[in-house]
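In full-length UniProt numbering, the protein residues as written are 1 to 1092. Positions of the beta carbon are idealized from the N, C-alpha and C atoms, including for glycine.
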């Protein structure tokens, strides 16, 4: 029922009630979509029916006239169930017989009217075999008649404990049955952990991976061990990030924990870290499975996200929720940290310490100060009136931000009288800060006299801020019950929701105010008792307390869900005392999670124990078929895992994707959880529906410590040579990841420890070295792309967000600072991995199906270090070409634009050769004369690349390479370019004239190329140079003896003199050659120039 309009009904939520409490056949008037009105006459009729029902229950007789008037017989109330059932069934049979006979009579009369003979009545009972067509037709007509729903349902009534349970035809109860206790078998073999061994104890933990080891900073902060924290910060070999999150559902960083604990020494240690190169996080070999993107214009309305597979299954995506946890290396004070500090109500000293990080940078400091002053409402909504008052005082000093002195006084005062104020000041709204007013701020002051004073001046009991928070919501988060008692005494509605659907009860649970939760529920219960006494005559439209305590917000989260998520044990106790449903699920959009699942996600062991003691189902499953134990394992809460396993929770439970608990422990690197599951008897070899085992998963996520631990377990199935759909072994898959320390660890484990075969090839014929080269190429391309992106970003003036700008600068500085160090580490890893593969028989000269060997591929892609190592390993040059006809020198042209190729050429020339008749130098000389399918020799291709190059450094590198081809390899400067038919098109000088400077022409002229040749369009090099306005090239060609009178061999037949009449006449005149082609009188200025 609508709270604003009388007799107006709007669908709200589904509920369950007793069968006898349902009234049907009410006539409602539809006034709008999902909006119905109860007419006055129907309302009166309903009241009469209910009154007569009460009279019958009390033994009073009812008037038959009332039954006729109201149309509802309540005489069955209080009678025996068997009699009720018999009467209902007899009435149903009689009504059906009457209707069927009426239909038959109608059909017979229609037949007579149409001239058909009347159907004779059967003399005896007709069997199924002798059924006539006419009777079949009449049965068809009868079947089409719509009967009322209550008449077509055959019910069976059973009386138990004063309640009538309605069953369907099969005898199965259709109402909610009493909860059956779970049959759990305790497992005493599991180790008991009262605290989380990973984060809350000093128990030794083996090294799992750099990402898992980085989380130990949280352990140091929770244990207040500053020495451990400093040692971890200094450890650059096993730590990859100082800013990683704890787990999937507990996304708090070490800095956030230090802020929440008020540990100033830890905050200073984390924010004052000297920039240093930490190790890389483990590379994930799993690929995220995407289901495509959806645009609203496709269907015209929004749809929920599509999972990886049908049935709400996430597949392997369930293991990839932490892939970005280590993206940031160093902690920074961003919006998330500031909001978390305000939510927790930390001291002003902690706030000032966080802001002091950027005091030297006045711009960033002022931005962060402004940011925190615009988020004061977060502290107010969590009941931290002193912190909020101090921040409001600073805001007023800095210009106000829309706050007034009344805001400050009602927050900071304890017993002092307020200054004189006007009524309009009570509802003065702040700028930003959800536009809160002094009235809202007064509601969180434990002393209710301030709220009383403001309400006396301006009785705005339902004044809302920008998010629909009213004084009743703010009073619910107060540290005392005074303001809430005041508002309750003035009959303020406790069930008014804010914009997110949270009532006062849910807001109090979110802030952890157990005293306010208890007060709200007691008032609702007392109010409900009053309603029951006057239910018929006064308040049928009011809501019941039993609905209020289990009512969800817009996310379907109840007060118990919220309290379990936040870990407020006192609030949970109060809610359970007032009969909150401990197994209430959220809706399907939010995965059907129970309070026990929320508590297990967050690691609140006390709440988990409390819920189970009061009957919470341990093995209940959510939408994805995950139990509370599954959620505990995903987030690494070993103490919760230990408790649930000892109770008897299933250690082999699987979700909708077939993922076991061991899968999750292995995927997220939780050593203690994995150890507990093994103690409980969990299977270590079960694959999921995507055929991935826990061992493979730990390997693919880079948790090599867990891989070693699993390999040592008895009965573990190890198949390191398993292939994927591309025929790639685990060695190949490992080599396709980013080149870092985790790749070396994986290769060492597979090749050395597990004796994996390095000689195998995939479906495309690629061996391990092919994949290593391709990985190196991807790395180089990624770095090049990032560098070009950074260059564009540096010139981009659209970065207005100070926080984003600060992060970008920090990342750029960090990258430049460690660029050289990172390159050295990268090269060392390449050398170790290559040596490991060479020592175990991997051949760099094996050709794939495209005819390319790893050596040729490395040369083609410019992997200098790999080329050197392959040459040292015995690889020899050959004259093989690719499908495009390119040889090694053709490949080097492309690389010469971006890097120096002389070291690679020198390495090739110095390579050992088994055949003295074909030395590397001789082979390179032969390659210098070979054409590719584009009709270019390496020299011609280099000249073509130079003509399109605009960067000066790239031009110098290409020019050096051209000199090497001519001077060292004797490239043929007279060789022409060829088209696909083998015809000559242009020569080296033609391509050289297209280059901007004349230096390349001078280099070419030093090797005596033909000067007066024509290209396929009849142009000589001199004419092309003049047309291109390349003065340096024209001068060099003329000095070398190019014929200035040679006409073009096209239809124009134009000479160089006419082309150069404007700009190059002085140059031609200096050549002292008669202008033979000049037959017309030249213009006066040209004549004067020539004569000069």
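Taking every protein chain shown into account, the CB of residue 272 has fewer than 16 other CB atoms within 10 angstroms, so this residue is exposed. Within the stretch 219-278, the alpha helix (DSSP H) runs of at least 4 residues that lie entirely inside it are, in chain order, 226-234, 254-261, 264-271. Contact annotation: the stretch 496-516 touches the stretch 451-469, with at least three C-beta pairs closer than 8 Å. The C-alpha of residue 1029 lies about 22 Å from the C-alpha of residue 958. Residue 608 places its beta carbon 8 Å or farther from that of residue 664.
The Cβ atoms of residue 734 and residue 698 lie no closer than 8 Å to each other. A straight-line Cα-Cα distance of about 34 Å links residue 100 and residue 30. If you look at residue 7, you'll find it isn't in any beta strand (DSSP E); DSSP assigns it neither H nor E.
Take the alpha-carbon of residue 259 and the one of residue 351: they are about 9 Å apart. Relative to residue 353, the option among 572, 881, 263, 39 whose CA is nearest is 263. For the 8 Å CB-CB criterion, residue 988 and residue 1022 do not form a contact. Residue pairing of residue 32 in beta bridges, as defined by DSSP: 35. Taking all protein chains shown into account, residue 185 has fewer than 16 neighbouring C-beta atoms within 10 Å of its C-beta and is therefore exposed. Contact between the stretch 589-608 and the stretch 631-645 is present: 3 or more CB-CB pairs across the two stretches fall below 8 Å. Sequence-distant partners of residue 674 (beyond 5 residues in either direction) whose C-beta falls short of 6 Å from its own C-beta, in its chain, are 665. Under a 10 Å Cβ-count criterion, residue 762 is classified as buried, with 16 or more other Cβ atoms of the shown protein chains found around its own Cβ.
Residue 948 sits in coil when the DSSP states are folded into three classes, being neither helix nor strand. DSSP, read as helix, strand or coil, puts residue 606 in helix. Taking a C-beta distance under 8 Å as the contact criterion, residue 678 and residue 695 do not qualify as a contact pair.
For residue 22 and residue 547, the gap between their C-alpha atoms comes out near 17 Å. A residue is called buried once 16 or more other Cβ atoms fall within 10 Å of its Cβ, and residue 668 is buried on that count. Contact annotation: the stretch 925-943 touches the stretch 865-885, with at least three C-beta pairs closer than 8 Å. Apart from sequence neighbours up to five positions away, the residues of its chain that approach residue 404 with a beta-carbon distance below 8 Å are 396, 425, 428, 438, ordered along the chain. Contact between residue 348 and residue 375 does not hold, since the beta-carbon distance rounds to 15 Å and is not under 8 Å. For residue 323, there is no enclosing alpha helix (DSSP H), as DSSP marks it with neither H nor E.
Sequence-distant partners of residue 474 (beyond 5 residues in either direction) whose C-beta falls short of 6 Å from its own C-beta, in its chain, are 440, 443, 444. Contact between residue 562 and residue 614 is absent: CB atoms are separated by about 17 Å, not below the 8 Å threshold. Spanning the alpha carbons of residue 894 and residue 778 requires a straight line of approximately 16 Å. Out of 10, 862, 853, the CA that lies nearest to the CA of residue 898 is found in 862. In this structure, the CA atom of residue 954 is about 18 Å from the CA atom of residue 993.
Counting C-beta atoms within 10 angstroms of its own C-beta, residue 821 has fewer than 16 neighbours from the protein chains shown and is therefore classed as exposed. By alpha-carbon distance to residue 25, the top candidate from 7, 710, 45, 6 is 45. The residue among 524, 557, 573 with its C-alpha nearest the C-alpha of residue 590 is 557. Boundaries for residue 329: no alpha helix (DSSP H) harbours it, and the DSSP string shows neither H nor E there. Proximity to residue 684 across 676, 841, 670, 710 peaks at 710, based on C-alpha coordinates.
Taking 4 residues as the shortest admissible run, the stretch 696-736 contains the following complete alpha helix (DSSP H) segments, listed from N- to C-terminal end: 704-711, 730-735.
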